Amino acid sequence: MLQKNLRFIGNLLIVSVLSVIIVNISSLPVYIYLITANWFTLLVSFSLYAVIIIFLYNIYKSTAELRQFDFRPWRARLNKRALLLMVIGAVVIVALAFGYDKLTAVWHITESGNERALDLLLRKNPVAMTLDAVIFGPIAEELSFRGFFFSYVLSDQYLDRGYQVATVVINGLLFGYLHSGNSLVPLAYYTLFGMVLGTTYLLSKRDIRVNSVAHMLANLGILWLFPS
Numbered sequence: 000m001l002q003k004n005l006r007f008i009g010n011l012l013i014v015s016v017l018s019v020i021i022v023n024i025s026s027l028p029v030y031i032y033l034i035t036a037n038w039f040t041l042l043v044s045f046s047l048y049a050v051i052i053i054f055l056y057n058i059y060k061s062t063a064e065l066r067q068f069d070f071r072p073w074r075a076r077l078n079k080r081a082l083l084l085m086v087i088g089a090v091v092i093v094a095l096a097f098g099y100d101k102l103t104a105v106w107h108i109t110e111s112g113n114e115r116a117l118d119l120l121l122r123k124n125p126v127a128m129t130l131d132a133v134i135f136g137p138i139a140e141e142l143s144f145r146g147f148f149f150s151y152v153l154s155d156q157y158l159d160r161g162y163q164v165a166t167v168v169i170n171g172l173l174f175g176y177l178h179s180g181n182s183l184v185p186l187a188y189y190t191l192f193g194m195v196l197g198t199t200y201l202l203s204k205r206d207i208r209v210n211s212v213a214h215m216l217a218n219l220g221i222l223w224l225f226p227s
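FYI, in numbering that gives the first Met the number 0 the residues of the sequence shown are 0 to 227.
Here it is in structure tokens:
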């Protein structure tokens, strides 16, 4: 049992490091926006996003198949439960965003670095960043944070509820830290954000489309309800 738990912890550490590397690579299109924003750089950025998403999808697919999970292709039919989970996940995240917005206003909490960068980019190029925040970003993040991360850690010997809960929490903390740094309230918000998506992924029986769409809908709702 001890050896099994140590192997589980080791897998968590390895996949956390790999996820940080992958997420940084996935952020390359955004760095291009920061340098300059024109039609040429947007074309380059969106083309790069397409390559990155295909790359991440294949990493996720290979890892899931290696761990012998039931991998569901993008074109597989969605059932009513999956559609319901998409909506519930998005609504819960928007509710978290509402609470976070109220807390930051009442407690005069400064924006996290991620939020300041997003606000700046939205002002510089609102159309491109809206596409980034609502489509490209969520797909790339879910393929890496949920698809690859969970497939790597939760192999067939780690399917007990305790291992699943630990994976959701650690995954959420990593997601939260990379989005907020060490600011306590933003960290708590983004950690819960990630935990909702991780839970949605597991409840959907590892259908990456469900948490990806939930993430997209949530970001769209947040941009609409809480404009900069």
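Cβ coordinates follow ideal geometry from the N, Cα and C atoms, glycine included. Quick caveat, the model's predicted, so the values are computed rather than measured.
Original post:
Which value, in whole angstroms, describes the spacing of the CA atoms of tyrosine 32 and isoleucine 134?
Top reply: One C-alpha to the other measures close to 16 Å.
Subject >> First through last residue of the alpha helix (DSSP H) which encompasses isoleucine 21 >> reply: Looking at the DSSP string, the run of the alpha helix (DSSP H) that includes isoleucine 21 is 1-25.
Original post:
Between the segment 79-99 and the segment 161-176, do at least 3 Cβ pairs fall closer than 8 Å?
Top reply: no
Subject >> Residue environment, methionine 0, which counts as buried when at least 16 other CB atoms sit within 10 Å >> reply: exposed
Original post:
Between the C-alpha atoms of leucine 283 and glutamine 2, what's the straight-line distance to the nearest angstrom?
Top reply: An answer regarding residue 283 cannot be provided, because it is not within the stretch 0 to 227 covered by the chain.
Original post:
Grouping DSSP H, G and I as helix and E and B as strand, with all else coil, what is glutamine 67?
Top reply: Assignment of glutamine 67 by DSSP, reduced to helix, strand and coil, places it in the coil class.
Subject >> Residues near alanine 96 by beta carbon distance below 7 Å, same chain, minus five either side >> reply: Ile221 and Phe225
Original post:
In its own chain, which residues sit with a C-beta less than 7 Å from the C-beta of proline 125, not counting the 5 before and 5 after it?
Top reply: none
**OP:** Out of Met215, Tyr59 and Gly161, state which residue places its alpha-carbon closest to the alpha-carbon of glutamine 67.
**Re:** Tyr59
Original post:
Helix, strand or coil for alanine 36 per DSSP?
Top reply: coil
Subject >> serine 154 versus proline 28: straight-line alpha-carbon distance, rounded >> reply: Straight-line measurement puts the Cα of proline 28 at about 32 Å from the Cα of serine 154.
Subject >> Validate contact between the segment 91-108 and the segment 192-205 using beta carbons, cut 8 Å, 3 pairs >> reply: yes
**OP:** To the nearest angstrom, report how far apart valine 184 and arginine 208 are at their CA atoms.
**Re:** 29 Å
Subject >> Nearest-angstrom Cβ-Cβ length linking alanine 63 and serine 143, presumed shorter than 8 Å >> reply: Contact doesn't hold; Cβ gap of about 13 Å is too wide.
Subject >> Exposure label - threonine 166; buried when at least 16 CB within 10 Å >> reply: buried
**OP:** Apply the 10 Å Cβ neighbour rule to phenylalanine 147 and answer buried if 16 or more other Cβ atoms are within range, or exposed otherwise.
**Re:** By the C-beta density criterion, phenylalanine 147 is buried, having at least 16 other C-beta atoms within 10 angstroms.
Original post:
In or out: arginine 205 buried (at least 16 other Cβ within 10 Å) or exposed?
Top reply: buried
**OP:** Please confirm whether isoleucine 138 and serine 18 have their CB atoms less than 8 Å apart.
**Re:** no
Subject >> Backbone secondary structure at isoleucine 51 - three-state DSSP >> reply: In this structure, isoleucine 51 counts as helix in the three-state DSSP scheme.
Original post:
Does DSSP put aspartate 159 in a helix, in a strand, or in coil?
Top reply: coil
Original post:
Given a threshold of 16 other Cβ atoms within 10 Å of its Cβ, counted over all protein chains shown, does tyrosine 30 qualify as buried or as exposed?
Top reply: exposed
Original post:
Out of Phe7, Leu102, His214 and Val43, which has the shortest C-alpha to C-alpha gap to tyrosine 200?
Top reply: His214
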